[in-house]
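Visitor:
So, in structure tokens, the structure goes:
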């Protein structure tokens, strides 16, 4: 047999990606590209030079792309698609930024034009004065705040009384939430919690329980202090997760390391600036300080017509709501809104090549504005890789032909776009997985460290009352909590105008009597589909565990040859928890959208953030539930799916000191979108694909 | 940098596996090993020589291992584990077979000792006369039956009237189910449906609709015939799925083929006969004509003590219930019990290396008894492979230390044991995935061909009444149906005696008033865990969509150092549908267990098959619901979990002519089983793992 050598194409691929990026960068950015460092710098100059905001100091809390109007972007994309093969580009759209800055104890909203980054201009200015809530906390003010306690006498005394060395103490900033009243909304405050970091990287496992501090973030001063109760600080032993610090490596056998090799190269992934083209998919990967990964303009090639068809205009994680379930003074307020309060993009850190993402991954860097407005570079923030999981795309073995066995199998290769958000103690691995079948699968994997409470308990037998958690180690209670990851998905199924269809599974009785419409058979029951087309937003709220059925987004104007409406449907894969907090409880009012998994709203460019724009100390006066209460028409409109993937997390000892990944997922699956299986004609792998003789050398 | 060459270890690994198998085969079989060809031959001789069954012809419908009593197997396994390192083996246990044979219109049950395969002996004999139901259909009688229609004059006329050439016609045998009355239960009959296979391998897509035939399988004669209605036979065009027959390969870009290379070899997977050892796992892989893969004696190593701890005694798919939802004469009875009527092992065919399983897979062959009792060899029936999906086992990035970013990541490698069952038109990919975290994940992936109905409709606009399905092509309705895959999982969590615990999530109000037990905070609500320990089987039935919570199997006699009961919990990942048929409907009576996803029963070695032993034409007088109705005690007992993974399948055009894989899954996850994360000390991949320079050549 011929012994053909294939060179591993990985280095070439990365080079190619880099070149493409450069080639694209030489002309103008895609209208949905995140702000470049130069553009962020220009935004900063314009804001600081503007007479509209006189007060100083001025701090930047959010700087992001103010994307052009949807029709303009769609027109650009259509032109881009048409002209791409001729290597000419459509005219650039204006480049604008949306800014939230704090100055003079007020939140300022500015729109800045940076189309020409050497002469940026402020287009509009408003003060967010009337409504409650504050912008995302900056990283810098959190660093400043945690420097306060070691110099604060009452805290020094609290630490001394616990026999802890101040050098070992590390503090963190926790949003206060909102619990009624007006006072809290007038001051931008946060709580601070402190931990003992000596002897472990896992300081979350060693809380200085019982101490509550409130810091005024605008004044940068501790304004409230209480040392209510003193519990033992859990010991450091057994808490560290770092290699070499967690004890000797496992003695037993372990899986062998593996590397994916693409003998024919990975020419399948083309990265052109922020646009990714792979197999039948094309999409734009953006980045935002608050949302993290922003996916836009996802379209899929119709194999029968060769036409590229739209699926998703824009999708991102709108919020991550994490309420804890202990009502005591030190815990009741812990009801985090990670995107709005902390910023998912701000808390995304460089991915580790080879472990966070496999060896065949390519990476995107990210840029955000620091508190001073200057661009901050974050390397390897998003990775893209072809996934070879050993799955099957479709198959059949036919044993029905006498003396003949027919087997046809097509292996599955998918494309994953991954970001990891380490929002304090928890790590969220957020995957977008594109399948050649036309599906998009969203996977949320939880890992990282538990948020634990110091306790006198050292054994479960001592616990007589509700401890609100699991005793995972001596003096260490892991508190019950939820995770609600809410996606904003502006589906444009084969076009902008869509409807939301609920196909409920409904049991019917068969009378057996044709004169009453029955079938003359002894079958007594069957189910059929009761189709409901949602008219208004009230019809768009669905508790997916309450009734079985399929939920679809269809384009009533686009039908298959058979006359079925082109659609995509939502398929949940676990993690369908919804909030069970009382509707009148304050955290539930702030995140009231978490009571059902599905909401559908008409597209509105200002409706992005499920708990409202100003999530910190929000009161529930803005956000998804408020918008949806207007009960606008959603039939035959440009509509948006809001899907919340939820978990009730009862911790177990295995989750300590670092939690093995727990995943939930959902899928958007083409459903009468194509005339038939779009990968029916997928290429059969060459005979050699399973008989490769591969060898590797360390570079 | 040093340029070290690693040879790909794949060929060596397969050789090693083969050698180990041989080495083990030289002594005696493991007591749970499936019957060997020699043992099947011995069973046949003993049965045919026995004077207990005089009637002829005698046909074998089931021949399987009659496994030794559980305490004997556990004692063997304990001795085996203790002696393994000294290379001596424990004493063999008796080898016995359970046989169901048909002779003289009766079902005979025989137990045959084959400990010495040269002198086998029948230990017991019984006639299944009283109860209803019949054994699994043999492949041979189905082949014989489908040869009848082309010689049956009324059918010849029906085919002629439809303008179809008889050479193109192919028929298949469909179980009749049971729809009341006694008559049906006295004769072993089946229905036959015929299709037009000319011009396509996908004959299921071209039904000769309107014709119903009943064949008496013991007489091997057509006993009923009706040609009720004539609809157009759907056209062949667009139905074939074979490469080269489905049209030109896709013109657009496609994913690049990939190969997993294990630069340090795959020494992690050790196969010793039917025992697999990998990382911290050890288990036995068996095979059964009815169940397919049978997994036994799964145990996991405790990293802190070095002790191997039991998790699962025995697990397999007990039944696959697939009811269709059209009450008309030609469809009402299609309510398949694929395991009991057809046999999952009988309908598992050779896996395709490189596509069904990746290039690093090893394979097990399988043997079953043909209708004549002779052993039939089925190659590559089960595969085992390490899965490198690009997943993360655990990770954390810590940004809380000033001026320092800590990131620790452990990539996930899992072990998959896969079988594919092609039960007629559908293909079920059945995966057991073992994780180093101690989890076992069960994945069911549906693919294959839809069962469709001929119809005059050529466009959805013509459909005015309930069509019971989706028009997926001209004259082709894909009928609504369900898939219920029921697992029998005899969990032995850290020992034989377990309890079933339901930890329900329960909302509590906080009064805010300490005098009434409230916390003096403004938080108004929280949830806590209401623990219920199931006392009897009635408490063991759970509709998992009705109330949120965790379902656990715990060993009340084994506690962690913290005092928590050692447990495993059930985590569902989609596909949680339960049957919505009326309780009094006949198919629902036969598969009444399908109304809830979870049942828990005390272990009873005879309770294996959810719809009862004799599933063909069963009436619901045997099976899981009947056993459970005895309401036996399940607290602190040896208990069994029955979990049904279910899907309501509304077909869409993409599912035609072959369906892209749709998966559902569930996980058994250690929950206070270990003292802490068992892979905390997992090895960090070497620096080189992501910087391999690999090349491949075709062998």
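Residue numbers (full-length UniProt numbering), protein chains in the order written: chain A, 1 to 699; chain B, 1 to 699. Cβ coordinates follow ideal geometry from the N, Cα and C atoms, glycine included. Owing to the predicted nature of the structure, the values given are computational and were not obtained by experimental measurement.
Closest by CA to residue 256 of chain B, which one among A/132, A/414, A/66?
Guide: As a first step, residue 256 of chain B must be located in the second chain, where it is residue number 256. Taking only the C-alpha atoms, the option nearest residue 256 of chain B is A/414.
Visitor: Would you verify that the beta carbon of residue 65 of chain B is, or is not, closer than 7 Å to some beta carbon of chain A?
Guide: As a working note, residue 65 of chain B is residue 65 in the second chain. Closer than 7 Å: no.
Visitor: Go ahead and pull the three-state DSSP assignment for residue 545 of chain A.
Guide: Residue numbering aside, residue 545 of chain A sits at position 545 when the first chain is read from its first letter. Three-state DSSP puts residue 545 of chain A in coil, outside helix and strand.
Visitor: Using a threshold of 7 Å, state whether the C-beta atoms of residue 60 of chain B and residue 101 of chain B are closer than that.
Guide: Along the second chain, one-based indexing puts residue 60 of chain B at 60. Along the second chain, one-based indexing puts residue 101 of chain B at 101. In contact: residue 60 of chain B and residue 101 of chain B (Cβ atoms closer than 7 Å).
Visitor: With DSSP run on the structure shown, which of helix, strand or coil describes residue 26 of chain A?
Guide: Locating residue 26 of chain A in the first chain gives position 26, where the first residue counts as 1. The predicted model places residue 26 of chain A with a pLDDT of 41, which falls under 50 and marks its position as unreliable; any figure quoted below should be read in that light. Here residue 26 of chain A sits in coil by DSSP.
Visitor: Can you find a heavy atom of the ligand MN that lies under 6 Å from the Cβ of residue 32 of chain A?
Guide: Questions concerning the ligand MN fall outside what the structure shown contains, since it holds no ligand whatsoever.
Visitor: Just tell me which of B/588, B/502, B/535 has its CA closest to the CA of residue 630 of chain B.
Guide: Reading the second chain from its first residue, position 630 is the one you call residue 630 of chain B. Closest option to residue 630 of chain B, Cα to Cα, is B/535.
Visitor: Assign residue 459 of chain B to one of three DSSP states: helix, strand, or coil.
Guide: For the purposes of this step, residue 459 of chain B is identified with residue 459 of the second chain, where counting begins at 1. In this structure, residue 459 of chain B counts as coil in the three-state DSSP scheme.
Visitor: Which word fits residue 327 of chain A, buried or exposed, when buried means at least 16 other C-beta atoms lie within 10 angstroms of its C-beta?
Guide: On the first chain, position 327 is the one that residue 327 of chain A refers to. Burial call: buried.
Visitor: So, helix, strand or coil for residue 662 of chain A, using DSSP?
Guide: Working through the first chain from its first residue, we reach residue 662 of chain A at position 662. Three-state result, residue 662 of chain A: strand.
Visitor: Checking 7 Å against the spacing of the C-beta atoms, do residue 214 of chain B and residue 189 of chain B come in under that value?
Guide: Mapped onto the second chain, residue 214 of chain B falls at position 214. Mapped onto the second chain, residue 189 of chain B falls at position 189. Result yes, Cβ atoms of residue 214 of chain B and residue 189 of chain B sit closer than 7 Å.
Visitor: Find the nearest neighbour of residue 694 of chain A within the set A/340, A/363, A/260, judged by alpha-carbon distance.
Guide: As a working mapping, residue 694 of chain A is identified with position 694 in the first chain. Per the Cα distances, A/260.
Visitor: Establish whether the CB of residue 661 of chain B and some CB of chain A are separated by less than 7 Å.
Guide: Working through the second chain from its first residue, we reach residue 661 of chain B at position 661. Chain A contact via Cβ: present.
Visitor: Any idea what DSSP makes of residue 220 of chain A, helix, strand or coil?
Guide: As a first step, residue 220 of chain A must be located in the first chain, where it is residue number 220. The answer is coil: DSSP assigns residue 220 of chain A none of H, G, I, E or B.
Visitor: Which chain B residues sit within Cβ distance under 7 Å of residue 246 of chain A?
Guide: For this step, residue 246 of chain A is matched to residue 246 along the first chain. Going along chain B in sequence order, the residues near residue 246 of chain A (Cβ under 7 Å) are 680, 681.
Visitor: Give me, in chain order, the residues of the same chain whose beta-carbon lies closer than 6 Å to that of residue 66 of chain B; leave out the 5 immediate sequence neighbours on both sides.
Guide: Locating residue 66 of chain B in the second chain gives position 66, where the first residue counts as 1. Answer for residue 66 of chain B: 96, 97, 98, 111, listed in chain order.
Visitor: I'd like to know whether the C-beta of residue 388 of chain A is nearer than 7 Å to at least one C-beta of chain B.
Guide: Along the first chain, read from residue 1 onward, the residue named residue 388 of chain A stands at position 388. Yes, because at least one Cβ of chain B sits closer than 7 Å to the Cβ of residue 388 of chain A.
Visitor: Quick one: which chain A residues come within Cβ less than 7 Å of residue 653 of chain B?
Guide: For the purposes of this step, residue 653 of chain B is identified with residue 653 of the second chain, where counting begins at 1. By Cβ distance, chain A contributes 560, 562, 564, 672, 674, 675, 676.
Visitor: Among residues of its own chain, excluding the 5 on either side of residue 530 of chain A, which ones have a beta-carbon nearer than 7 Å to its beta-carbon?
Guide: Within the first chain, numbered from 1, the residue matching residue 530 of chain A stands at position 530. Hits under 7 Å: 504, 506.
Visitor: Pull up the DSSP beta-bridge partners for residue 601 of chain B, would you.
Guide: Reading the second chain from its first residue, position 601 is the one you call residue 601 of chain B. Its beta-bridge partners are B/640.
Visitor: Determine the closest residue to residue 138 of chain A out of A/410, A/58, A/117, with distance taken between C-alpha atoms.
Guide: Counted from its first residue, the first chain places residue 138 of chain A at position 138. Nearest option by C-alpha distance: A/58.
Visitor: By how many angstroms is the C-alpha of residue 303 of chain B removed from the C-alpha of residue 679 of chain B?
Guide: As a working note, residue 679 of chain B is residue 679 in the second chain. As a working note, residue 303 of chain B is residue 303 in the second chain. Computed Cα separation, rounded: 8 Å.
Visitor: Could you tell me whether any Cβ in chain B is nearer than 7 Å to the Cβ of residue 356 of chain A?
Guide: Locating residue 356 of chain A in the first chain gives position 356, where the first residue counts as 1. Cβ-Cβ to chain B under 7 Å: yes for residue 356 of chain A.
Visitor: At 3 residues or longer, and completely inside the stretch 118-143 of chain B: list those beta strand (DSSP E) runs for me, N to C.
Guide: For the stretch 118-143 of chain B, whole beta strand (DSSP E) runs of length 3 or above, ordered along the chain, are 121-128.
Visitor: Check each candidate in B/300, B/317, B/500 and name the one with the smallest Cα separation from residue 309 of chain B.
Guide: For the purposes of this step, residue 309 of chain B is taken as residue 309 along the second chain, with counting starting at 1. Closest by alpha carbon: B/300.
Visitor: Tell me, to the nearest whole angstrom, how far the beta carbon of residue 323 of chain B is from that of residue 481 of chain B; I am working on the premise that it is less than 8 Å.
Guide: For this step, residue 323 of chain B is matched to residue 323 along the second chain. For this step, residue 481 of chain B is matched to residue 481 along the second chain. Contact holds; Cβ gap of about 6 Å.
Visitor: For the alpha helix (DSSP H) that contains residue 155 of chain B, what are its first and last residues?
Guide: Residue mapping note: residue 155 of chain B aligns to position 155 of the second chain, counting from 1. It spans 153-161 - the alpha helix (DSSP H) in which residue 155 of chain B sits, taken as one unbroken run.
Visitor: State yes or no: is the beta carbon of residue 24 of chain A nearer than 7 Å to at least one beta carbon in chain B?
Guide: To locate residue 24 of chain A, count along the first chain from 1; it is residue 24. Any reading at residue 24 of chain A is ruled out, since the residue's pLDDT is 40, under 50, leaving its predicted position unreliable.
Visitor: Excluding five sequence neighbours on each side, which residues of the same chain lie with their C-beta closer than 8 Å to the C-beta of residue 295 of chain A?
Guide: By one-based count along the first chain, residue 295 of chain A stands at place 295. Hits under 8 Å: 283, 284, 285, 286, 312, 314, 315, 316, 417, 432.
Visitor: Have a look at the DSSP bridge pairing and note the partners of residue 395 of chain B.
Guide: In the second chain, residue 395 of chain B corresponds to position 395, counting from 1. Residue 395 of chain B is bridged to B/409.
Visitor: Which partner residues of residue 200 of chain A appear in the DSSP bridge assignment?
Guide: Sequence index remark: in the first chain, residue 200 of chain A carries index 200 (1-based). Looking at the DSSP assignment, residue 200 of chain A forms no beta bridge with any residue, so it has no partner.
Visitor: So, with DSSP's three-state summary, where would you put residue 77 of chain A?
Guide: Start at 1 with the first residue of the first chain, and residue 77 of chain A comes out as number 77. Note: residue 77 of chain A maps to helix in three-state DSSP.
Visitor: For a cutoff of 7 Å on Cβ pairs, would you count residue 524 of chain A as touching chain B?
Guide: Counting from 1 along the first chain, the entry for residue 524 of chain A is found at position 524. Yes, residue 524 of chain A lies at the interface with chain B (some Cβ there is under 7 Å from its Cβ).
Visitor: With 16 as the cutoff for other CB atoms within 10 Å, does residue 306 of chain B come out buried or exposed?
Guide: Start at 1 with the first residue of the second chain, and residue 306 of chain B comes out as number 306. So residue 306 of chain B ends up on the exposed side.
Visitor: Along chain B, which residues have their Cβ under 7 Å away from the Cβ of residue 279 of chain A?
Guide: For the purposes of this step, residue 279 of chain A is taken as the residue at position 279 of the first chain. Within 7 Å Cβ-Cβ: 253, 254, 255.
Visitor: Which bits of chain B does residue 352 of chain A rub up against, with CB to CB less than 7 Å?
Guide: Locating residue 352 of chain A in the first chain gives position 352, counting from the first residue. Result: 407, 409.
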